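Chains A, B and C supply the protein sequences, listed in that same order. For the first sequence, the residue numbers in this note's numbering are 21 to 475. For the second sequence, the residue numbers in this note's numbering are 394 to 594. For the third sequence, the residue numbers in this note's numbering are 625 to 1629. Note that CB positions come from ideal geometry on N, CA and C, so glycine has one too. Here the structure is a predicted model, which means the values were calculated and not measured. Report on the structure given below.
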Amino acid sequence: METYRKPLIVGNKTLKDVTDDIASLVETPPGLGWLTMILGSSSVFLFYIIVIGIIVGTGMGLMGVSHPVGWGTDIVTFVFWVGIGHAGTLISAVLYLFRQKWRTSIARSAEAMTVFAVATAGIFPIIHTGRPWLAFWLFPYPNQRGPLWVNFRSPLVWDVFAISTYATVSVTFWYVGMVPDLATLRDRAKGLRRLIYGVFSLGWRGRARDWGHYEMVYLLLAGLSTPLVLSVHSIVSFDFAVAQLPGWHTTIFPPYFVAGAIFSGFAMVVTLMTLVRIAVPEFKKYITIDHMELMNKVIMTTGMIVGYAYGSEFFIAWYSGSKYEVYAFVNRAIGPYWWAYWTMITCNVVIPQIFWFRWARRSIPTMFVVSIFVNIGMWFERYVITVTSLHRDFLPANWGMFDMTFYDFGVLIGSFGMFFTLFLLYIRAIPAIAIAEIKPVLGFGKGDHNGGHHG
Amino acid sequence: MIKKLIGAVVVLAVLAGIYTFFHLLVNNKLSIGYNKGYQPTQPLPFSHKLHSGELGLDCKYCHASAEVSRHSAIPSLNVCMNCHINLNKESKYLTQLKEAYNSGDSIAWVKVHMLPDHVKFNHAPHIKAGKDCQTCHGPVEQMEKVYQHSDLSMGWCISCHREQMDSAAHSSIIEEVKNKDQGQDSKKHVPSIINCSTCHY
Amino acid sequence: MQTDVNENSSTPKYWLSLEQWRNDEGFKELAQREFLSSPLAEDNKTPAGGWARREFLQLMGASLALSTFGCVRRPVEKIVPYAKRPKEIIPGLPNYYASTFVDGYDVVGTVVRTREGRPIKIEGNEFYPGSGEGLSARGQAQILSLYDPDRLTGPVQNLVNAKRTNKDTVSTNWVKAESALKAALGEGGVYVLSSSNPSPTSRSIIEKFVAQGKGKYFEFDILDRSTFINSQGRVTGTEIMPSFDLSAADVIVGIDADYLGTGVASTAHQRAFALRRDPGGSMNHVIQFESMMTLTGTNADERYAIKPSEQLAIALKLAESICIQMGVSFPFAWREIYGSFNDTIKGFPFAKKLNSIAEKLVKAKGKSLVITGAEASMTQNQSAVYDVVNFINGVLGNDGKTVKYSNSVSSVRGSVASLNELISLMNQELVKTLIIHNSNPLYTLPEASGFRSALAKVKTVFYTGDRVNETGIGSNYIIPDHHPLEKWMDVENISGVLSLSQPTIQPLYDTKAFEDILLQTLGSTQTWNQTVKASTLAKVGGSEKSWVQFLQKGVYGTVENSPKSGRSYNGSPLKIRLDEAADFELVLYTTVGIKDGTLANVSWLQEFPDPITKICWDNYLCISPKTALDSGLNEGDVVALTSNGITLDVPVHIQPGLNDRVLALALGYGQKAAGKVANDIGVNAYQFAAIEKDQIIYSGMNAKFKKTGQQIALANVQGHHSMEGRQIVVEATLKDILEDPQAGQHKHKVFSLWSEHKYLGHKWGMAVDLSKCNGCGACMIACQAENNIPVVGKRHVLNGREMSWIRIDRYYTGTPENPDVVYQPLMCMHCDNAPCETVCPVLATVHSDEGTNDMVYNRCVGTRYCANNCPYKVRRFNWFNYSKVSNPLKMVLNPEVTVRSRGVMEKCTFCVQRVKAKKTEVKLADRKLQDQEIKTACQQTCAAEALVFGDLNDPSSEVSKMQRSLRSYSLLEELAVMPAVKYMSKVRNVSQLKGADNHKKGGHH
């Protein structure tokens, strides 16, 4: 049967090739491409910091949020980034537990993406508050106020826990996973680099004992992360679902958000991987078209799940018989924000359908474009949910509009600067592909008995 | 092995330390970052020890408005003069006082007990409830120079209010109220003393 | 960031958060270490392997200690006690002084609340006849004009050029100014011009002064009412402004009258009117013909949109058919004119209705009232209309019953005749010296009046205004008078009722009572204060005791209530001029907030949304939806409006219920020198007015407009104007309500998943009677004054960031051509299952055991989740540091209410500070709290008594009774949030509701 199975790594790589290929990226000085990219993204990042500084210094009023639309770009973009994170965890943890060998090439970067996405997301809940310097009050900590704890009934507090847990676990998982590779780099490096990688490789010696511990810890962490894939975005969705606002108050939100998260996450992975393939041609051997195709299949599937959710929302709104619900959804489709809604539908439901065709699934330019569209679409999904529900609720007298200001665009664009800066630095500092995990699957699909049986 | 043991002990010790630290902090046995003990120098060395302690003046003789108003109010100089108009004991401070009084431009005392502006404390009901000034202000009659006796933290206020809530008096009121058709015939009302709006509005 | 914390309202916040800052740093540091430390570190010999666990824990302890012990003391604060404390002042307790608010013809008794010697709030005086505790929005806002930063701080001399147009002034001193005045007095030809002066003592002094100066004293009001008084003279023989008793009228027909909004004694009228809007009692029937939608019109049962030129036709038609039904002969002199209106009358869409309206009036003869006199009625034929209306009241025998001549409104004294006389005297250069008092003629009078040119002929002009406004620029000396709140004044508004305005604060600036200056110049030994006391003392009983009582009560004398026999009446010939019909007739009207523009520099009033249009910070040309459609105009399009040969650019507002031939523009805007707030807000509509013979013409002028292509965004606080068929304001006809009190209500079966709150003590709640509420908006300003609510300015209002804790939603029902209007005051509902409480992460908004929803500003971090989750959207967020106000404005702040800093949420608290104060008072006095002892600011100021606050746990309390009434319903009941505020359905005395079919129809917007 193995003969029918395609190899995961092409180009008859030897074990040494693998190490060299991957480590070289970290060891050789950066090319012009990387330099220009880092220059661009880091300047956007700097801009981001300045914008945030101004907002915090002057007041939330600089942004488009107003009465009645109390949440805007900050929350929209927060949910967007948290969503992005999910694919990473899914690939690195869930697929690991399911013994999906094909994950190995992309797991490391996907997980990195998760960590950076969550970091980027984490900024927004803080800067969207009126008094960010007091945002730490959302953490329950002993104090001399009676003591005064937080409101455990509030979804925002659940968020605090969900996100911080997610961040911690992802970081640990990601870090533990890279320890052997760091050790490899340490052994190849000299001088200061050796010292630094030494510190981070935690004295990894590659002894059987080390591997034993490692495998066990990695398995446990994978198990620990798996439920998070479902829990985190469910809880984020509670921010909306728990409120009684028409358009927010829906039980479908948790699964709908999780599906959306994986959808957008995979899109982002595809975006990044295509970029990585362009930036590092050698990686084409490790991140093959087959990997991409698999991810595109996931995108199409989750895309259709999301599409189904959109549909059922409308059905339920009509079925509920609540005139407020009905209005909220009619208003989405044909109200002043119709353009946002139909952008969402087009990008998330219509465009991914192209992946029914094999050529589309396997064409790098196509999938790149589609993945970009999906990312846009998913940002708009959150925009539609947040803004169009808020801007017209129960009492027509306080209906209003939401217009993005310079600062809204500032934080939106800036956050990408932060994300890509982190990711680019990562590519240069850490093996972007898990060397230690690639090696076992090297012979996979070549009748080699390392893999396949479980596959 | 022994190394591990020591490690364990140290860890436990530190954990225990942190626990007690927070425990004391939360039950306001331990006050950090409040003005407790603040003892500024006043423009005139007015001695509560002398006036209140030795001469035995009632606090409310000078701080009269404490009974009717939210402020206990530093007495206006004419109150001082009630006595000092006749006491011609030579003292440069007294002459300063009299000058200030006659010129009408008063004296700028340094505030000792400073509550945040968003805390609306009201002396009158506390006096009415029969609290002694000393309960919060400490043994003023022994203070040559007044200092802040309690830390005036929210926890400190609350702890006392909680005691009141649990007090027999309070529960008896509740009983009475319950019996008498939700308190409409009753003179008393359940004192709502543990709301946020009790102090913050 | 820290500097910003510094800006926070309270110093303590500063150090508090600074301390937590350190704390925060501690945790950050800690988190870093945590990242570095690893479980494997201990086995790892290399120190670079991160911190060993035990070190890490020690460090954690240390960093915590660091973070917490490292705090700074608060900056030193000083306390400066009184040297000699005035015995009435107890620090922390308010004092109240009876006073009077004179706002043109709306004169009301007030009580001024002061804290530590500074006035902070004005409230109605319950003893004052008519208005009682009610106080208009303007009355509430007057307090802010005291602290107006643009007030003059002393006398000023103008270096006037020939034309008196330059602004360069030099400050002078009183000695110079007064010597100048003395010289002028010697010279003779001294004249005084003022608006109607309600103070007998002041008048007598001025009269004495001008007598000395061989001059004359003229009173003139820009919002003139003299033509009506003259008409009274012609028809009934007595030239007075009668007071109308709305409470005695079963049927009220208004022809361009605005007795509720801006008319004479409107506050008193609101109270009387509301008494008759109770479906339980005998409800009156209100009919209104009007050319601009007014507050009165929106509260009428039947409303007909007319144009000014139709007033006379309607009046005559009514008169004619009433005469026939009453068997009185229709005045012969009127026949011809009436005949000429035949076609006009036939052309009315409501032609048939007129007879039945006449019938209604006749049926209620003696208990009916026909009323007119708003600016919109001041056409070139105003006298004729007034004659007919007065005649009708005579025929119907309303005179002496609903039209009270015994207690005439004696404060209405000004006349155009006297102005004309003055102008001619000035032109003859007989006026050597002119003193202008309480009036701003150079702003209000149209150029055509020739006042400006005439004034240039006067040698010296003294102006007593408190700022260098248009008139100030035109005068030689500006000798600022005290602010009314700094000054003694006796006021006789209604003949026989004396009230007093007493100083509530030492004059803030180097100002002088106008009368004092006159007295000094006359060389009198008495000061103004003594004179007022002397002259008033005599009237109030002579004894010192009676004087003190007068001071306490603020009022002396009562109004006659027993019906009198009617005066004789006659239909004297009408002097009218008829032009051929114009395309568009211009109506200049006054708004509830800005009125004649005297308080225009009070930011509260500029941001006060007009009750009908809900627009603030602008005036605008109201056009009907059809006109807009025909001429392709949208809301905010700027048009060039031309009338009387003058052209101004104004934005248009599309106003439903406006006659298609009418253009309406508000007066009082477009001031050039009123101050930082009012300058260049809107356009000066007075320019379109004309003075013809002895009347001012505000209405019916031929006008046309041209689209300019520019756009001005109008700051409308309301997002949408139709209820979209939702159950928001429940309307019902009187008939239905009498059959079924729940008429119009759709009840839901609601249940709660939460366990109910237990309220052992009080349970505060409120009831709002929508039938009584007339939407005047006084509650909004009262709340603003009581709760330190900041003004945000037009730009932010456009973003929906106005801060009002109580707002009044105005909805149109029925067709845009002639809709019904409903008002709904909306404040925090203090829900039992408050959606805001569950979602706040930091417990900044929580439920109290007295049923109120507490908002803790200092705990709020500003996630705004509560606002999102509030179905009523009553929560307001401090987007910027709005509360930062400079001196002297900050002196108006109420010390009982925390000033909110940037980034926190705020909302209605049910005036918790008032509740607390009263409860403490009761506790200290060992007595029981009485119902209605605690009144929220909004309830207190509501002349219509539409809002009632109280204890729901007390079954006998007013609010419990109202909430038990079957007319009560809770807004958005189906959400089961259990609001503590309940509404009582809006009842109309009509057969069929216009809004009845609005389920099918959407809004017009």
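Quick one: grab the DSSP three-state call for residue i.
| i | result |
| --- | --- |
| C:Ile1305 | coil |
| C:Leu1358 | helix |
| C:Val726 | strand |
| C:Gln912 | strand |
| C:Gly1389 | strand |
| C:Lys1330 | strand |
| C:Arg739 | strand |
| C:Gln1052 | coil |
| C:Leu681 | Low confidence applies to C:Leu681: its pLDDT is 37, below 50, so where it sits in the model is not reliable enough to give any reading. |
Can you give the Cα-Cα distance for residue i and residue j, rounded to whole angstroms?
| i | j | result |
| --- | --- | --- |
| C:Ser1609 | C:Val888 | 29 Å |
| C:Cys591 | C:Ala1568 | There is simply no residue 591 of chain C to check, as chain C begins at 625 and stops at 1629 in what is shown. |
| B:Phe414 | C:Ala1541 | 39 Å |
| C:Ser726 | C:Gln1006 | The sequence as given places Val at residue 726 of chain C; Ser does not occur at that position. Near 26 Å, if we compare the C-alpha coordinates of C:Gln1006 and C:Val726. |
| B:Tyr431 | B:Val539 | 9 Å |
| C:Ile1118 | C:Ser867 | 8 Å |
| A:Val14 | C:Ala1570 | No answer is possible for residue 14 of chain A: the residues shown for chain A start at 21 and end at 475. |
| C:Lys984 | C:Lys991 | 11 Å |
| C:Ser945 | C:Ala982 | 6 Å |
| C:Phe974 | B:His593 | 58 Å |
| B:His542 | B:Thr528 | 9 Å |
| A:Leu239 | A:Val296 | 27 Å |
| C:Cys1400 | C:Asn1044 | 35 Å |
Mind checking whether residue i and residue j have CB atoms under 7 Å apart?
| i | j | result |
| --- | --- | --- |
| C:Val859 | C:Asn1014 | yes |
| C:Leu1212 | C:Leu1338 | no |
| C:Gly1038 | C:Glu843 | yes |
| A:Ala380 | A:Pro200 | no |
| C:Val1485 | A:Leu154 | yes |
| C:Met1529 | C:Cys1490 | yes |
| C:Ser795 | C:Gly778 | yes |
Starting from the Cα of residue i, find the closest Cα among the options and give me that residue.
| i | options | result |
| --- | --- | --- |
| A:Glu313 | A:Ser86, A:Trp122, A:Ser409, A:Ala417 | A:Trp122 |
| C:Glu1520 | C:Thr1565, C:Leu978, C:Ala1409 | C:Ala1409 |
| A:Phe443 | A:Thr308, A:Ala139, A:Gly103 | A:Ala139 |
| C:Val1115 | C:Thr1084, C:Leu1289, C:Gly733 | C:Gly733 |
| C:Lys1324 | C:Gly810, C:Thr891, C:Met1002 | With the sequence shown as reference, residue 1324 of chain C is identified as Gly, and Lys is not the correct amino acid for it. With distances taken between Cα atoms, C:Gly1324 lies closest to C:Met1002. |
| C:Glu1598 | C:Pro1280, C:Glu747, C:Lys1373 | C:Lys1373 |
Okay, do the stretch 836-853 of chain C and the stretch 1534-1548 of chain C touch, 3+ Cβ pairs below 8 Å being the bar? no
Three or more C-beta pairs under 8 Å: does that hold for the stretch 258-268 of chain A against the stretch 187-195 of chain A? no
Closer than 8 Å is the cut-off here; do at least three beta carbon pairs connect the stretch 1015-1029 of chain C with the stretch 824-839 of chain C? no
Contact between the stretch 1273-1291 of chain C and the stretch 1233-1249 of chain C: three or more CB pairs below 8 Å? yes
Should the stretch 1420-1437 of chain C be regarded as contacting the stretch 1226-1235 of chain C, the criterion being three or more beta carbon pairs within less than 8 Å? yes
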